[in-house]
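The next block holds one structure in the form of structure tokens; read it before the comments.
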């Protein structure tokens, strides 16, 4: 039995009246045409949008932020690396200076004790 | 194996079929829900535009089940928003003559007009969920399972809802006829 048949089976009391009172309403003909046109235009827009998406994305300056951020991020990371290396070199150089001063002092002390 | 996704043309063709099949259902629901042709047209249009946007997802998630309850649920949500926006129930009374006149002969109309008018009037007095369930059952011919899906309820709860709606309506109509 169809769903509608199932729904009709065993109807009594107010139910047959309800079925007549709430009869299906035919939509106006121009509504169908209007909705069809709107759906077609949306569908076409969606297709065009999909095709032109990548190009449009690159044309829109708002979409440049992410690639620019990536470039800036890369640059900053590179600059950071250079600074780190420079700092390390300075530290090495400082360490070398201290080491040579200590060596100089200890050599003078050794000489002094040897002369005694 | 993953099924190949449908082309846009295929999806559009399937949506057109859905639209052709259910335009009258959506319009009937909208008309009995909002009470006038102007708002019913707007509601129907908005329902199909929204349905188109989510059609592919609905197809995937429905797993082959009919999409009519999903369409009616969209219309139901839009109608609820429509009333929230206006903060009122329909002020315009149901244009009773239009749907009735379209389907019945003159003699039938004369004989049954008062009776049908009382029933329609009674439907308007029911709480929203009961009224909607009756519209879905009697105007759209939906079965309990479809109505349950459209209203987001269990099958059992829907059966009870419809039973109570009919009982309440019988009481309202009896009072109107001076039998209550």
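Residue numbers (my numbering), protein chains in the order written: chain A, 1 to 116; chain B, 1001 to 1180. For each residue, glycine too, the CB sits at the ideal point set by N, CA and C. Small disclaimer: the values here were computed from a predicted structure and weren't measured.
Sequence-distant Cβ neighbours of residue 1172 of chain B in its own chain, meaning closer than 7 Å and more than five residues away, are 1122 and 1125.
Apart from the 5 residues on each side of it in sequence, residue 1028 of chain B sits with its Cβ closer than 7 Å to the Cβ of 1139 and 1140 in its chain, given in chain order. Going by DSSP, residue 1015 of chain B is part of the alpha helix (DSSP H) stretching over 1008-1034. Taken atom to atom, the span from the alpha-carbon of residue 1056 of chain B to that of residue 1011 of chain B is near 7 Å.
Scanning B:1045, B:1016, B:1127 and B:1066 for the CA closest to the CA of residue 1026 of chain B turns up B:1045. Between residue 36 of chain A and chain B, the shortest Cβ-Cβ separation is below 9 Å.
Taking a 10 Å sphere around the C-beta of residue 1065 of chain B, we find fewer than 16 other C-beta atoms and assign the residue as exposed. Closest in C-alpha terms to residue 1178 of chain B, from the list B:1069, B:1061, B:1115 and B:1077, comes B:1115. Rounded to whole angstroms, the Cβ separation of residue 1075 of chain B and residue 1043 of chain B is 6 Å, and the two are in contact under 8 Å. DSSP, reduced to helix, strand and coil, places residue 27 of chain A outside both helices and strands of the structure shown, so it counts as coil.
Shortest Cα-Cα distance from residue 1006 of chain B to any of B:1060, B:1175 and B:1165 involves B:1060. Looking at the backbone, the Cα of residue 1158 of chain B and that of residue 1150 of chain B are separated by about 10 Å.
Contact between residue 1117 of chain B and residue 1165 of chain B does not hold, since their C-beta atoms are separated by about 19 Å, which reaches or exceeds 8 Å. Burial is judged here by how many other beta carbons sit within 10 angstroms of a residue's own beta carbon; residue 17 of chain A has at least 16 and is buried. Scanning B:1037, B:1023 and B:1063 for the CA closest to the CA of residue 1047 of chain B turns up B:1023. Judged by DSSP secondary structure, residue 1173 of chain B falls within the alpha helix (DSSP H) whose first and last residues are 1155-1176.
With fewer than 16 other Cβ atoms inside 10 Å of its own Cβ, residue 1160 of chain B counts as exposed. Between residue 1058 of chain B and residue 1067 of chain B, the C-beta spacing is below 9 Å. If you look at residue 1058 of chain B, you'll find it in the alpha helix (DSSP H) that goes 1055-1062.
In the DSSP assignment, residue 16 of chain A falls within the unbroken alpha helix (DSSP H) covering 15-21. Separation of residue 1040 of chain B and residue 1069 of chain B (C-alpha to C-alpha, rounded to the nearest whole angstrom) is 18 Å. The beta-carbon distance between residue 1079 of chain B and residue 1034 of chain B, rounded to whole angstroms, is 6 Å. This is short enough to meet the 8 Å contact definition.
When Cβ-Cβ separations below 9 Å define contact, residue 45 of chain A makes no contact with chain B. Just so you know, the alpha carbons of residue 1083 of chain B and residue 13 of chain A end up roughly 32 Å apart. Per DSSP, the unbroken alpha helix (DSSP H) holding residue 1134 of chain B starts and ends at 1128-1134. Nearest to residue 1020 of chain B by alpha-carbon distance, out of A:27, A:41, A:43 and A:44, is A:27. Against chain A, the beta carbon of residue 1024 of chain B has neighbours under 9 Å at 24, 25, 26 and 27, listed in chain order.
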